[in-house]
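*Asks:* Numbering (full-length UniProt numbering), first residue to last: 1 to 219.
Take a look at the structure:
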């Protein structure tokens, strides 16, 4: 066998690391079970509420199946990690509703991952009140399909999946209307670089015990 040159090895390693170098960590929403047509959750330390059409909700971190797979269909661009907690809000895409996310504080870097938008013969659409870019797309682990697409501020899918990044902000809400309904399609949202809870501060008694232990080691 031939041994690769050092320069080739270094170049390959740099290329492999390049996507991660430009991607950011996304904090994905932890969704609760819905109450009276409203879904509440948190994104790090930011509270989030969804209201509008609801077909069903899979709450986060309770063992629900993670539809946001394979990773390559949901990770790309500035999005460095996919949702993994099983949380998902599903709708049919029925017209006549305004579907809205409200945030407890103004946020930027909103991302939305979409599962199974539309069908091969039905182009389901979400028209948002903010501009966005498509960061990743591809087939779903269960439903197959392909890439989401866009026209202006409208997201379009024919059995399509992927992740989008909203380019505006800071904002306290994000809304969309849907067209061309189908059986169901689902989504979750997150924030690039969301604030996370600070680490727990030890109680004074704990600090005193630690200090006593250190003194014991020094004597």
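Note that CB positions come from ideal geometry on N, CA and C, so glycine has one too.
(1) Look at residue 26 and residue 103 and say whether their C-beta atoms are less than 9 Å apart.
(2) With C-beta atoms as the reference, is residue 83 less than 9 Å away from residue 28?
(3) How would you label residue 136, buried or exposed, when you count the other beta carbons within 10 angstroms and need 16 or more for buried?
(4) Do residue 169 and residue 130 have their beta-carbon atoms positioned less than 9 Å apart in this structure?
(5) Report the CB separation of residue 60 from residue 30 in whole angstroms; it is logged as a contact under 8 Å.
(6) Looking only at its chain, what residues have a beta carbon closer than 6 Å to the beta carbon of residue 149, apart from the 5 residues adjacent to it on each side?
(7) For residue 122 versus residue 53, is the C-beta spacing smaller than 9 Å?
(8) Could you tell me the alpha carbon to alpha carbon distance between residue 80 and residue 95, rounded to whole angstroms?
(9) In whole angstroms, give me the CA-to-CA distance for residue 192 and residue 40.
(10) Do residue 138 and residue 161 come within 9 Å of each other at the CB atom, strictly closer than that value?
(11) Per DSSP, what kind of secondary structure is residue 162 in: helix, strand or coil?
(12) Any beta carbon of chain C sitting closer than 9 Å to that of residue 185?
(13) Please name the residue in 175, 180, 70 and 163 whose C-alpha comes closest to that of residue 188.
(14) Go to residue 101, then tell me how far its beta strand (DSSP E) extends in each direction, as first and last residue.
(15) Based on the DSSP secondary-structure assignment, which residues constitute the bridge partners of residue 115?
(16) Can you tell me which of 24, 23 and 173 puts its alpha carbon nearest to the alpha carbon of residue 99?
(17) Under a three-way DSSP split, which group does residue 221 fall into?
*Replies:* Quick look at the numbers:
(1) Not in contact: residue 26 and residue 103 (Cβ atoms no closer than 9 Å).
(2) Taking a C-beta distance under 9 Å as the contact criterion, residue 83 and residue 28 qualify as a contact pair.
(3) For residue 136, the number of other beta carbons within 10 angstroms of its own is at least 16, and it is reported as buried.
(4) In this structure, residue 130 lies near residue 169, with their beta-carbon atoms less than 9 Å apart.
(5) In this structure residue 60 is in contact with residue 30, their Cβ atoms being roughly 4 Å apart against a cut-off of 8 Å.
(6) If you ignore the 5 residues before and after residue 149, its C-beta comes within less than 6 Å of the C-beta of 156, all in its own chain and listed in chain order.
(7) No, they are not a contact pair.
(8) Taking the straight line joining both Cα atoms gives about 33 Å.
(9) The alpha-carbon atoms of residue 192 and residue 40 are separated by roughly 19 Å.
(10) The Cβ atoms of residue 161 and residue 138 sit closer than 9 Å to each other.
(11) If DSSP states are grouped into helix, strand and coil, residue 162 belongs with the strands.
(12) Among the chains in the structure shown there is no chain C, since it carries only a single protein chain.
(13) If we check each option's Cα against that of residue 188, 163 comes out closest.
(14) 99 to 107 is the extent of the beta strand (DSSP E) around residue 101.
(15) 186.
(16) Taking only the C-alpha atoms, the option nearest residue 99 is 173.
(17) As shown, the chain starts at 1 and ends at 219. That puts residue 221 outside it, with no answer to give.
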